[in-house]
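Student: In mature numbering (1 follows the signal peptide of the UniProt record, and there is no 0), the protein residues as written are -22 to -1, 1 to 159.
In this text, a Cβ means the ideal position worked out from N, Cα and C, and glycines have one as well.
Remember, predicted model here, so these are calculated numbers, not experimental data.
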Amino acid sequence: MKKVFTTLGALAALVMAQQAFAADGTVNFTGSIVNAPCNVIIGDLNQTVQLGQVRTAKFTAVGSKSDPQPFSIKLENCDISGTDPLTKVTIQFDGDPVPGPGTGNSTLFGVGLATSAAKNVGVEIADYRTNTRINNGVPSAVFDLAPGQTTLRFISSYVSTAAAVIPGTGNATAQFSLVYQ
């Protein structure tokens, strides 16, 4: 009998010891409450557009572009009914401009100042419907909202701002904001 209690005591001590090694952690919850006719689909709030590897030989003159890559921002739960409905939206992208002198620097999104960053090139965002550049810090043309879901479509590409593009990383960041009308 004494042997059974000793074994049970050792087993209980072992179980308690493992509980003592449990780790603590953190759970973060993020989001926002908006007073708007639509909300942005969660997966489109933060996304990455792959522009790929582009050879410097692709940029033969100022304004030369890489092949465009599409992306979209989807709005859902769009309620455009009511006595004074908001039925249109514009989008504004904001980010760091291309540094230094060059053509279109302030309208494009810079790829960074690090020594490893490409030089004389920026990222362009254009309206998919018209292939018209949406300038950095300037609202886009108007998009019509549809009941339920609306998809805002864009294309992006690298654009040379000088005759010679210097190779390096080409990562840019643009925050966006929506203005409903």
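(1) Tell me, please, which residues DSSP counts as bridged to Leu53.
(2) Tell me which residue opens and which closes the beta strand (DSSP E) that residue 174 is part of.
(3) Buried or exposed: Pro48, going by 16 or more other Cβ atoms within 10 Å of its Cβ?
(4) Quick one: does Asp72 have its CB under 9 Å from some CB of chain C?
(5) Locate the beta strand (DSSP E) running through Thr68, then write down its first and last residues.
(6) For Ala35, which of helix, strand or coil comes out of DSSP?
(7) The beta strand (DSSP E) with Gly100 in it runs from where to where?
(8) Closest to Tyr136 by CA distance: which of Val76, Val116, Ile19 is it?
(9) Nearest to Asn83 by CA position, among Ala39, Ile69, Glu102, is which residue?
(10) Just the Cα atoms here: how many angstroms apart are Ser88 and Lys43?
(11) Answer with buried or exposed for Phe(-18), where buried requires no fewer than 16 other C-beta atoms within 10 angstroms of its C-beta.
(12) Within this structure, are the beta carbons of Lys52 and Gln127 separated by less than 9 Å?
(13) Measure how close the beta-carbons of Gly41 and Ser138 come, nearest whole angstrom, since I'm counting them as under 8 Å.
(14) Pull up the CB-CB distance for Ile133 and Pro46, whole angstroms please, since I reckon it's below 8 Å.
(15) Can you name, in chain order, every residue of its own chain whose Cβ lies under 7 Å from the Cβ of Gly21, other than the five neighbours on each side?
(16) Spatial neighbours of Asp2 within its chain, please: C-beta separation below 7 Å, excluding the five flanking residues on both sides.
(17) Cβ of Ala92 versus every heavy atom of the ligand COA: is any distance shorter than 8 Å?
(18) Quick check on Leu114: buried or exposed, where buried means 16 or more other Cβ atoms within 10 Å of its Cβ?
Tutor: Looking at the coordinates:
(1) Secondary-structure assignment with DSSP links Leu53 through a beta bridge to Val18, Thr128.
(2) Because the chain spans -22 through 159 in this model, residue 174 falls outside it and cannot be assessed.
(3) By the neighbour-count rule (16 or more Cβ atoms within 10 Å), Pro48 is not buried but exposed.
(4) In the structure shown, chain C does not exist; there is a single protein chain.
(5) Bounds of the beta strand (DSSP E) holding Thr68 are 66 to 72.
(6) The answer is helix: DSSP assigns Ala35 an H, G or I state.
(7) Unbroken beta strand (DSSP E) run through Gly100: 99 to 105.
(8) Ranking the options by Cα distance to Tyr136, first place goes to Val76.
(9) Taking only the C-alpha atoms, the option nearest Asn83 is Glu102.
(10) Checking the sequence shown, residue 88 turns out to be Gly, not Ser. Distance between the alpha carbons of Gly88 and Lys43 is about 15 Å.
(11) Because Phe(-18) carries a pLDDT of 49, less than 50, the predicted location of this residue cannot be relied on, and the following value inherits that uncertainty. Burial check for Phe(-18): the Cβ neighbour count within 10 Å stays below 16, so the residue is exposed.
(12) Yes, the pair counts as a contact, with Cβ atoms nearer than the cut-off.
(13) The beta-carbon separation of Gly41 and Ser138, rounded to 7 Å, stays under the 8 Å limit for a contact.
(14) With a Cβ gap of about 4 Å, Ile133 and Pro46 count as contacting.
(15) Once the five neighbours on either side are set aside, Gly21 has no close Cβ partner at all.
(16) Cβ within range, chain order: n/a, list empty.
(17) The model on display carries no ligand, and the ligand COA is accordingly not part of it.
(18) Reading off the sequence shown, one finds Asn at residue 114, where the question assumed Leu. Taking all protein chains in view, the Cβ of Asn114 is crowded by 16 or more other Cβ atoms within 10 Å, so the residue is classified as buried.
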